[in-house]
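Reminder that position 5 of the sequence shown reads as 17 in this note's numbering, one-by-one numbering, no gaps.
Quick reminder that beta carbons are idealized off the backbone N, C-alpha and C, glycines included.
What you are looking at is a predicted structure, and each value in this text was computed from that prediction instead of being measured.
Remarks on the structure that follows.
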Amino acid sequence: MATDHIRYDVLARDALRGVLRKVLTDAAAHGLPGEHHFFITFVSKAEGVKLSSRLLAQYPEEMTIILQHQFWDLTVLEDRFEVGLSFGGIPERLVVPFSAIKSFLDPSVKFGLQFDTSDVTELAGENLPAAPAPSAIAAPVPAAETAETAEEPTPPNQGGAEVVRLDRFRKK
């Protein structure tokens, strides 16, 4: 078999990360339209990931976050995104490099991406904890955006984020 000097796999992966970057950039600028919401799974100990020590202890391998109603200060840079979320009523600031992302899912339109993270460098115990996010109040969401999805009802909001397994959305 011939050697792939062009590295189509890397080109395709980078293009798909570009899709993710564009979607998050639009969400940061304009909010989430309609019923769109995102499940993002990432490697917790990947280089550049910043989580509080509390979250890192709770999710030592990987973590899934949901960007839907209560997130704030979403900032998208070329190589990463940063977002404020509340976990158990405690505000946190997360920094996630795009290279650490394992999957992205928008269940409202059944769109998903999976990324190979086998080449991700994991830092053993060197992961710098992120500073706790300043207290923030989520912006009010218009009624059209708060409707529950018919596919998977969301439990009542208790002031925190929920980490879920993506397996429940995969085809069997």
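| Item | Value |
| --- | --- |
| With burial defined as no fewer than 16 other Cβ atoms inside 10 Å of the residue's Cβ, what is the status of G96: buried or exposed? | buried |
| In this structure, what does DSSP give as the bridge partners for G96? | W84, R105 |
| Going by CA-CA distance only, name the one from G30, T87, D16, T129 that's closest to S115. | T129 |
| Mapping DSSP to helix, strand and coil, what is T117? | The sequence shown places Leu at residue 117, not Thr. Strand at L117. |
| For the 8 Å Cβ check, are there 3 or more pairs between the segment 13-26 and the segment 73-85? | no |
| With burial defined as no fewer than 16 other Cβ atoms inside 10 Å of the residue's Cβ, what is the status of H49: buried or exposed? | buried |
| Buried or exposed for T158, please, with buried defined as at least 16 other CB atoms from any protein chain shown within 10 angstroms of its CB. | At T158, the pLDDT of 39 sits below 50, so the modelled position is not reliable; the number obtained from the coordinates is stated separately. Exposed, because fewer than 16 other Cβ atoms sit within 10 Å of the Cβ of T158. |
| How is T158 classed by DSSP in three states: helix, strand or coil? | Low confidence applies here, because T158 scores a pLDDT of 39, under 50, leaving its location unreliable and the question unanswered by this model. |
| Kindly indicate the opening and closing residues of the beta strand (DSSP E) around G124. | 123-126 |
| For L76 and H42, what's the separation of their Cα atoms in angstroms? | Inspection of the sequence shows that residue 76 is occupied by Thr rather than by Leu. So the alpha carbons of these two residues sit roughly 23 Å apart. |
| Straight-line CA distance for D118 to F93? | 17 Å |
| Would you check if the distance between the CB atom of F54 and the CB atom of V108 is smaller than 8 Å? | yes |
| Closest to I52 by C-alpha separation, out of D131, V132, A112, would be which residue? | A112 |
| On a CA-only basis, which of T133, S120, F110 is nearest L28? Give me that one, please. | F110 |
| Please report the distance separating the alpha-carbon of R66 from that of D91. | 25 Å |
| Which one of M13, G30, G46, E59 has the shortest CA to CA distance from V88? | G30 |
| What is the residue span of the alpha helix (DSSP H) that V35 lies within? | 20-42 |
| From the DSSP output, in three-state form, read off L63 for me. | coil |
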